[in-house]
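S.K.: Take the sequence shown: its position 75, counting from 1, is numbered 624 in the working numbering, and each next residue is one higher.
Where is the CB? At the ideal position from N, CA and C, for every residue including glycine.
If you're wondering where the values come from, they're calculated on a predicted model, not measured in any experiment.
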Amino acid sequence: MTPSFKYLAGYPSALLAQVQGLIEAGRLEAYLAERYPQGHEVRSDKALFDYTQALKQRHLRNAEPLARVSYDAKLKVVQHALGTHTRATTVHGSRLKTRREIRVATLFKEAPADFLRMIVVHELAHLRELDHNKAFYQLCHHMEPAYAQLEFDLRLWLTLRELPGAPSS
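(1) Report yes if the C-beta distance between E672 and G632 is below 8 angstroms; otherwise report no.
(2) Around the C-beta of P661, are 16 or more other C-beta atoms found within 10 angstroms, so that it is buried, or is it exposed?
(3) Would you report the Cα separation of R579 and G588, rounded to the nearest angstrom?
(4) Can you round the beta-carbon distance between R666 and E693 to whole angstroms, since I take them to be within the 8 angstroms contact cut?
(5) Could you tell me which of Y620, Q698, E650 and T655 sits nearest to A613, measuring between CA atoms?
(6) Look at the alpha carbon of Y535 and the alpha carbon of V669, and state the distance between them as a whole number of angstroms.
(7) Considering only the beta carbon of each residue, do D621 and V653 sit closer than 8 angstroms?
(8) DSSP on G559, reduced to helix/strand/coil?
(9) What is the residue span of the alpha helix (DSSP H) that R666 lies within?
(10) When you compare each of L557, G570 and R648 to R617 by their alpha carbons, which one comes out closest?
(11) What did DSSP end up calling K595 once you bin it into helix, strand or coil?
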């Protein structure tokens with residue numbers, strides 16, 4: 550049975566063939582476990598907020614403050630949303646107030662620590678760049694130099710999770 554490569558769409562066929570080889574040999578899980586052995590303890594919304602604030606303080610000190618950061622069980626991977634960044638503007642008298650929130654898919658509670666950092670970096674980059682353009686990805690790479698590799702490996706991890714008999718975490 551050929552697995553669905555919906556998370557790997559757009560990657561070169563030679564790379565997809567390597568992934569297919571890892572899956573057929575039953576080595577994809579071992580490959581990812583070897584590369585990303587460390588989990589994390591960021592399980593609650595408060596811990597996620599603190600974790601995100603620390604990254605924001607390190608890389609984006611002058612960006613607008615975050616009102617909320619939380620895990621969201623409603624985010625669905627199939628809807629291409631592993632995390633979201635929202636802005637809500639409200640009127641307070643004669644002033645406009647912007648409230649910024651980041652929501653991260655609940656599946657990241659069980660993801661390797663590097664994948665959680667990658668998704669938080671991605672959502673923080675939206676504080677400065679709304680679109681997925683060159684400047685956005687440059688900012689992601691500034692905050693996390695291994696961003697591209699982490700994004701690819703996260704896609705492998707998501708692919709692994711959908712394989713028949715796949716591990717739940």
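M.R.: So, from the listed chains and residues:
(1) For the purposes of this step, residue 672 is taken as residue 123 along the sequence shown, with counting starting at 1. For the purposes of this step, residue 632 is taken as residue 83 along the sequence shown, with counting starting at 1. The answer is yes: Cβ separation under 8 angstroms.
(2) For the purposes of this step, residue 661 is identified with residue 112 of the sequence shown, where counting begins at 1. So P661 ends up on the buried side.
(3) Counting from one through the sequence shown, the residue named residue 579 turns up at place 30. Counting from one through the sequence shown, the residue named residue 588 turns up at place 39. The sequence given here places Ala at residue 579; Arg does not occur at that position. One C-alpha to the other measures close to 15 angstroms.
(4) Taking the first residue of the sequence shown as position 1, residue 666 is located at position 117. Taking the first residue of the sequence shown as position 1, residue 693 is located at position 144. Contact holds; Cβ gap of about 6 angstroms.
(5) For the purposes of this step, residue 613 is identified with residue 64 of the sequence shown, where counting begins at 1. What sits at residue 613 in the sequence shown is Glu, not Ala. If we check each option's Cα against that of E613, E650 comes out closest.
(6) Since the first and last residues shown for the chain are 550 and 718, residue 535 lies out of range.
(7) Position 72 of the sequence shown holds residue 621. Position 104 of the sequence shown holds residue 653. Taking 8 angstroms as the Cβ cut-off, D621 and V653 qualify as a contacting pair.
(8) As a first step, residue 559 is located in the sequence shown; it is residue number 10 there, counting from the start. Here G559 sits in coil by DSSP.
(9) Looking up residue 666 in the sequence shown gives position 117. Taken as a continuous stretch (DSSP letters only), the alpha helix (DSSP H) holding R666 covers A662 to A674.
(10) Residue 617 sits at position 68 when you count from the first residue of the sequence shown. Of the candidates L557, G570 and R648, the one whose C-alpha sits nearest the C-alpha of R617 is R648.
(11) In the sequence shown, the residue the question calls residue 595 occupies position 46. Note: K595 maps to helix in three-state DSSP.
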